[in-house]
Structures are given as C-alpha cells and as structure tokens.
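In what follows, a structure is listed as structure tokens, so that the remarks can point back to it.
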Amino acid sequence: MKKLVLLGLVSSFVFASTWTCYRYVDGEATGGFVKVKAYSKYEAEKKALKKYRDDLGYNTDYVKCK
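The following block contains the structure:
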C-alpha cells in the first residue's frame with residue numbers, strides 16, 4: 307500500500323498538467339482560450355504567450371492560466 311501511495315505522489319510531480327490560458331489585450335480578456343501542458347503556471351503562461359503570438363499571430367499583451 308505504501309508503494310502505491312508513493313508511486314502516486316511521484317507521478318504527480320513527473321507528469322505535466324494541462325492548463326487553460328486566456329489572452330488579454332489592453333487589460334481586457336478577449337474571449338477564447340488555449341490549452342497547454344506544463345509543469346508550472348509560469349511555464350504554462352510562457353508557452354501560451356508564445357502560442358498566441360507566434361503560432362496564431364494574435365496581438366496579446368499577456369496571458370493568465372488556470
């Protein structure tokens with residue numbers, strides 16, 4: 307039983323989480339979202355900002371992820 311609990315704790319730190327990120331322009335949420343996989347909120351926001359600006363070509367001041 308202890309091995310199972312330990313395995314569950316370790317796996318939660320090893321695998322990235324899916325984050326839902328929203329873009330903001332001029333301090334206003336613009337609607338819509340992108341999903342990214344990342345280990346932390348900081349990494350998710352960096353990935354989402356890159357995705358909005360580079361991949362999708364949207365004007366984006368910043369993003370917030372949940």
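The numbering of the sequence shown is the numbering used here, which starts it at 307 and goes up by one. Built from N, CA and C at the ideal position, the CB exists for glycine as well. Values in this document were obtained by computation on a predicted structure and should not be read as measured data.
Cut-off 8 Å between Cβ atoms - residues of its own chain near residue i, not counting five sequence neighbours on either side
i: valine 331; result: Asn365, Thr366, Asp367
Contacting residues, own chain, Cβ-Cβ under 7 Å from residue i (five flanking each side not counted)
i: leucine 312; result: Reliability fails at leucine 312, whose pLDDT of 46 lies under 50, so the model's placement of it is uncertain and no value is given.
i: phenylalanine 339; result: Thr326, Cys327, Tyr328
Inter-residue spacing [alpha-carbon to alpha-carbon] between residue i and residue j
i: threonine 336; j: phenylalanine 321; result: 30 Å
i: alanine 350; j: arginine 329; result: 12 Å
i: glycine 363; j: alanine 354; result: 12 Å
i: arginine 386; j: glutamate 334; result: Outside the modelled stretch of the chain, which goes from 307 to 372, sits residue 386, for which no answer is possible.
Sequence-distant residues of its chain with Cβ nearer than 6 Å to residue i (five each side left out)
i: tyrosine 345; result: Ala322
i: lysine 370; result: Tyr328
i: lysine 341; result: Thr324, Thr326
Whole-number beta carbon distance between residue j and residue i, since they are thought to touch under 8 Å
i: threonine 324; j: lysine 343; result: 6 Å
Legend entry - Ranges of the alpha helix (DSSP H) found wholly within the segment 326 to 363, counting only runs of at least 4: Along the segment 326 to 363, the alpha helix (DSSP H) occurs as fully enclosed runs of 4 or more residues at 347 to 356, listed in sequence order.
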